[in-house]
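Asker:
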Amino acid sequence: MLSKIPTNLIPHWSINFIKKYLNLGDLVLARQLFDGIPEPDVQSWTVLISAYTKNGQCKEAIKLYTEIKNSGKLNPDKLAILAVAKACATSGDLTKAKEIHFDAVKYKCSSDLLLGNALIDMYGKCKHFEGAERVFGDLRIRDVITWTSFCSCYVNCGLPRETLRAFREMGLSGIRPNAMTLSSVLPACSVLKCLNTGREIHGFGIKNGMAGNVFVNSALVDMYSSCSSIKYAELVFHNTPHLDAVSWNVIISAYFSNGECGKALDKFQEMRDRGVKLNSVSWNSVISGCLANGKAQEALELLGHMQQLGCKPNQITITSVLTACTLLEDWRGGKEIHAYAFRHCFTEDLAASTALVLIYAKSGDLEMSKRVFSMMPLKDTVAWNTIIIASSMHGRGEETLSLFNKMVISGVKPNSVTFTGVLSGCSHSQRVEEGLSIFHSMSKDHKIEPDLEHYSCMVDVLSRGGRLAEAYTFIQEMPIEPNAAAWGALLGACRIYKNVDLGRIAASRLFEIEPDNPGNYVLLFNILVTAKLWGEASETRKLMRDRGIKKLPGCSWVWVKNRIHTFVVGDKNNDKCNDIYKFLDEVRMKMKLAGYYPDTEFVLQDLDRVEKEDSLCNHSEKLAVAFGILSLRGESSVRVFKNLRICGDCHNTIKFIAKFVGVQIIVRDSLRFHHFTDGLCSCGDFW
DNA sequence: GTAGGGTTAG
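Each residue of the first sequence is one higher than the one before, starting from 1 at the first, in the UniProt record's numbering.
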């Protein structure tokens, strides 16, 4: 068919053929025809640029535009620049956007209303409000589209106050907002949780005949929901005559963000029953909604339904389900999702790869976490925070500090979360001086005022560093009321450094702040027993009993060949149970020969029978480690998780095991990761 | 042939 078309037609004719093929939806044939034109004119180029943009091939469209300029014979005209500006808006390429704006000025069409509007929209999509302001300033005539695009540019750039300012200015300039303006401005009210302005806009819409507009109403539903007025959101939703898929998605998210999970899921079911076509946003909304309401298992089940119904997970789905796996500690699921993300080229996505960095770190695989991070093409504050927190959890103090420096050098701005990560990294590696200097630099160099969390981290830094008296003074002098984390850090350090006096003070404050937390009683009990203050120790136990507080049962689990094996104290419910105890006996014997004595043997006199058993060498973490070693036989490092803090005797024993078996053992307790290699632990015996 | 808008993520 193509051969019948003369290839050397004059452009005026060929353009009609190109348009004909484009109307038939055949971009490939249209392109072949175009390539056959010896000297295409600007109009032909423009038609093709628009066609590529409509087809979502923006890069190709931008490439064609560059070719016009490189041809040396032609200059782009207003319509060509307009076409490429749209392509650029869709691709969000700021460098190109600036170049296109430059061309518009060069060819003297930047003050054209049509093109100016397109340029403002382009800058808005590229999140560059300064550019939009320049174009806006250069326009002598501004219409409702100019103002609307200008308002939404500020929304896209995260400047909701500026949006509302521009919206008011628009009213003053005598241009009447239409439905599109309202739906562009309302998101600013959502972000600011500004119910009054939102209501005003609602009233304006009703007065001006927009009461049933589906775009305005969806924006209103979201605005009322963000302002915690779910009743009004419901009302607007029910008063929308022609609901579309987005309307349903918005009301579902509205219920979830107001904690009404049941209603959200009911609406989702109703949407399906009514035959509304579900799109990926619908699925992502319910998945992330479940997740935000603590229903991680349901989120993963929804992923299954989504796939069964032929809807393909995208990078947003991947990000949410990775978070679900992280919460459920489903490391295998996380790896499967990583493989899926890799196959579908989602690993370059910022949020998805950040979620991967986090799940690998939390699963104990810091090396993989670092590898994913290093391959990220772009890293923002959240990404850097995640890797900083990752290295801090694993006790790599030096690495945490060097990551922080790299972040600052690369020009990414740290926020308050960054400092929580860096300071806790300092505490887990006893870097007191660095911790103090970073804490002081927060407000001085980074203009971030320390909050309660940072103060608590500093108490931890000083306490773990052995500077208990300083830590106590720091708590007393902090400008915010110290919380359980601050006193807990001090109490924990009193156990490490055997300081009874401060331990008593910290514990008594903790008994007031969180009287039901068994961990505090246990820590004080341990401190008193170590100091051989038996009477006071049993008083603490009595206090616990009287208040009806029970020590949480210790529990450890280990992953072996994609299966979880769980252990409690003295567990005998295991196929390898005999081998486990035999192995631990052997370890104990070897340890004694090497001169180790279990810490607990000294403190048994005052304990009852159950606690003796408890304190003997059958703690859940030891059993899990032994099981891991016997099952894995050195194939890979052993990874054990514990719900409570690791016990001192277990810590010693596992160090010994790591040396005598010659394998790496990783234990995550309730606070952090311990990497045991060759008789040493990464925590340097401070935990 | 004639522009601009509402929902989901680390």
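In this text, a Cβ means the ideal position worked out from N, Cα and C, and glycines have one as well. Every value quoted in this text rests on a predicted model; they were computed, and no experiment measured them.
Measuring straight from C-alpha to C-alpha, what distance separates residue 148 and residue 470?
Answerer: In the first sequence, residue 148 corresponds to position 148, counting from 1. In the first sequence, residue 470 corresponds to position 470, counting from 1. When rounded, the distance between both Cα atoms is 57 Å.
Asker: Grab the span of the alpha helix (DSSP H) containing residue 201 for me, first residue to last.
Answerer: As a position in the first sequence, residue 201 is number 201, starting the count at 1. That run of the alpha helix (DSSP H) goes 195 to 207.
Asker: Which stretch, first to last residue, makes up the beta strand (DSSP E) that contains residue 642?
Answerer: As a working mapping, residue 642 is identified with position 642 in the first sequence. 638 to 642 is the span of the beta strand (DSSP E), which, as asked, contains residue 642.
Asker: Throw me the rounded Cβ distance for the residue 630 and residue 583 pair, which I believe falls under 8 Å.
Answerer: Here residue 630 is taken as the residue at index 630 of the first sequence, counted from 1. Here residue 583 is taken as the residue at index 583 of the first sequence, counted from 1. That pair is a contact at about 6 Å.
Asker: Starting from residue 474, trace the alpha helix (DSSP H) both ways and give me its first and last residue.
Answerer: Start at 1 with the first residue of the first sequence, and residue 474 comes out as number 474. In this chain, the alpha helix (DSSP H) harbouring residue 474 covers 468 to 477.
Asker: Would residue 670 pass as a contact of residue 639 if the rule is Cβ separation under 8 Å?
Answerer: Stepping through the first sequence from its first residue, residue 670 is reached at position 670. Stepping through the first sequence from its first residue, residue 639 is reached at position 639. Contact check for residue 670 against residue 639 fails: the beta carbons are separated by 8 Å or more.
Asker: When DSSP labels each residue in this structure, what does residue 601 get in the three-state scheme?
Answerer: On the first sequence, position 601 is the one that residue 601 refers to. In this prediction, residue 601 scores a pLDDT of 45, lower than 50, which makes its location untrustworthy; no coordinate-derived value is stated.
Asker: Which whole-angstrom value is the C-beta distance of residue 50 and residue 83, which I expect to be below 8 Å?
Answerer: Your numbering for residue 50 matches position 50 in the first sequence. Your numbering for residue 83 matches position 83 in the first sequence. Right, their Cβ atoms sit about 5 Å apart.
Asker: Between which two residues does the alpha helix (DSSP H) containing residue 237 stretch?
Answerer: Taking the first sequence and counting its residues from 1, the one referred to as residue 237 is at position 237. Note, residue 237: alpha helix (DSSP H), 230 to 238.
Asker: Suppose the cutoff is 7 Å on Cβ atoms and the five residues either side in sequence are ignored; what does the same chain contact list for residue 564 look like?
Answerer: Working through the first sequence from its first residue, we reach residue 564 at position 564. The beta carbon of residue 564 sits closer than 7 Å to the beta carbons of 557 from its chain, once the five residues preceding and following it are set aside; these are given in chain order.
Asker: In the DSSP assignment, find the alpha helix (DSSP H) that holds residue 566 and state where it starts and stops.
Answerer: Locating residue 566 in the first sequence gives position 566, counting from the first residue. Where residue 566 is concerned, there is no enclosing alpha helix (DSSP H), although the beta strand (DSSP E) it sits in stretches over 563 to 568.
Asker: Where does residue 218 land, buried or exposed, given buried means 16+ other C-beta within 10 angstroms?
Answerer: Numbered from its first residue, the first sequence carries residue 218 at position 218. It is buried - the Cβ of residue 218 has at least 16 other Cβ atoms within 10 Å.
Asker: For the putative contact between residue 132 and residue 153, defined by C-beta atoms under 8 Å, what is the C-beta separation to the nearest angstrom?
Answerer: Here residue 132 refers to the residue found at position 132 of the first sequence. Here residue 153 refers to the residue found at position 153 of the first sequence. Cβ-Cβ separation between residue 132 and residue 153: approximately 4 Å, consistent with a contact (criterion under 8 Å).
Asker: Can you tell me whether DSSP reads residue 305 as helix, strand or coil?
Answerer: Here the question's residue 305 lines up with position 305 in the first sequence. If DSSP states are grouped into helix, strand and coil, residue 305 belongs with the helices.
Asker: To the nearest angstrom, how far is it from the Cα of residue 434 to the Cα of residue 426?
Answerer: Your numbering for residue 434 matches position 434 in the first sequence. Your numbering for residue 426 matches position 426 in the first sequence. If you take the alpha carbons of residue 434 and residue 426, they lie about 7 Å apart.
Asker: Could you check what DSSP says for residue 347 in three-state terms: helix, strand or coil?
Answerer: Locating residue 347 in the first sequence gives position 347, where the first residue counts as 1. If DSSP states are grouped into helix, strand and coil, residue 347 belongs with coil.
Asker: Any idea what DSSP makes of residue 342, helix, strand or coil?
Answerer: Along the first sequence, one-based indexing puts residue 342 at 342. It is helical.
Asker: Could you check whether residue 359 and residue 691 sit closer than 8 Å to each other, using their CB atoms as the reference points?
Answerer: No information on residue 691 is available, as it lies outside the stretch 1 to 687 that the chain covers here.
Asker: Residues in its own chain within less than 7 Å of residue 605 by CB, not counting five upstream and five downstream?
Answerer: The residue given as residue 605 occupies position 605 in the first sequence. Per-residue confidence for residue 605 stands at a pLDDT of 45, beneath the threshold of 50, marking its modelled position as unreliable; the derived number appears in the next sentence. No residues qualify anywhere along the chain.
Asker: Can you tell me the Cα-Cα spacing of residue 602 and residue 681, whole angstroms?
Answerer: Here residue 602 is taken as the residue at index 602 of the first sequence, counted from 1. Here residue 681 is taken as the residue at index 681 of the first sequence, counted from 1. Because the pLDDT of residue 602 is 45, which lies under 50, any placement of that residue in the model is unreliable, and the question is left without a value.
Asker: Pull the bridge partners of residue 560 from the DSSP assignment, please.
Answerer: On the first sequence, residue 560 is found 560 positions in, with the first residue counted as 1. The partner list for residue 560 (beta bridge, DSSP) reads 563.
Asker: Using 10 angstroms around the beta-carbon of residue 423, count the other beta-carbons present and answer buried if the total reaches 16, otherwise exposed.
Answerer: Residue mapping note: residue 423 aligns to position 423 of the first sequence, counting from 1. With 16 or more Cβ atoms within 10 Å of its Cβ, residue 423 is classed as buried.
Asker: Residues bridged to residue 677 by DSSP?
Answerer: Here the question's residue 677 lines up with position 677 in the first sequence. Partner(s): 680.
Asker: Evaluate the contact criterion for the region 448 to 460 versus the region 484 to 492: three or more CB pairs, one atom per stretch, below 8 Å.
Answerer: yes
Asker: Mind checking whether residue 537 and residue 498 have CB atoms under 8 Å apart?
Answerer: Here residue 537 corresponds to residue number 537 of the first sequence, with the count starting at 1. Here residue 498 corresponds to residue number 498 of the first sequence, with the count starting at 1. It is not a contact, given that the beta carbons lie outside the stated cut-off.
Asker: Are the CB atoms of residue 658 and residue 678 nearer to each other than 8 Å?
Answerer: Stepping through the first sequence from its first residue, residue 658 is reached at position 658. Stepping through the first sequence from its first residue, residue 678 is reached at position 678. Cβ distance < 8 Å, so residue 658 and residue 678 count as in contact.
Asker: Taking 8 Å as the limit between beta carbons, can you name the residues of its chain near residue 90, skipping five residues before and five after?
Answerer: As a first step, residue 90 is located in the first sequence; it is residue number 90 there, counting from the start. Once the five neighbours on either side are set aside, the close Cβ partners of residue 90 are 53, 56, 58, 125.
Asker: Taking only three categories from DSSP, how would you classify residue 37?
Answerer: Residue 37 sits at position 37 when you count from the first residue of the first sequence. For residue 37, the secondary structure class from DSSP, reduced to helix, strand or coil, is coil.
Asker: Could you check whether residue 167 and residue 393 sit closer than 8 Å to each other, using their CB atoms as the reference points?
Answerer: As a position in the first sequence, residue 393 is number 393, starting the count at 1. As a position in the first sequence, residue 167 is number 167, starting the count at 1. Taking 8 Å as the Cβ cut-off, residue 393 and residue 167 do not qualify as a contacting pair.
Asker: Using CA atoms only, rank isn't needed, just tell me which of 540, 544, 649, 322 is closest to residue 592.
Answerer: Here residue 592 is taken as the residue at index 592 of the first sequence, counted from 1. Ranking 540, 544, 649, 322 by Cα distance to residue 592 puts 649 first.
Asker: For residue 375, count neighbouring Cβ atoms within 10 angstroms of its own Cβ and tell me buried if that reaches 16, exposed if not.
Answerer: As a first step, residue 375 must be located in the first sequence, where it is residue number 375. Exposed.
Asker: Taking only the alpha-carbon atoms, compute the straight-line gap between residue 637 and residue 622 and give it to the nearest angstrom.
Answerer: By one-based count along the first sequence, residue 637 stands at place 637. By one-based count along the first sequence, residue 622 stands at place 622. Spanning the two alpha carbons is a distance of roughly 15 Å.
Asker: Name the one or two DSSP bridge partners that residue 555 has.
Answerer: Locating residue 555 in the first sequence gives position 555, counting from the first residue. Residue 555 is bridged to 568.
Asker: What is the DSSP secondary structure of residue 412, counted as helix, strand or coil?
Answerer: Within the first sequence, the letter at position 412 stands for residue 412. DSSP places residue 412 in coil when its eight states are reduced to three.
Asker: Roughly how many angstroms lie between the CA atoms of residue 258 and residue 540, to the nearest whole one?
Answerer: Translated into positions along the first sequence, residue 258 becomes position 258. Translated into positions along the first sequence, residue 540 becomes position 540. For residue 258 and residue 540, the gap between their C-alpha atoms comes out near 42 Å.
Asker: Residues in its own chain within less than 7 Å of residue 242 by CB, not counting five upstream and five downstream?
Answerer: Locating residue 242 in the first sequence gives position 242, where the first residue counts as 1. 214, listed in sequence order.
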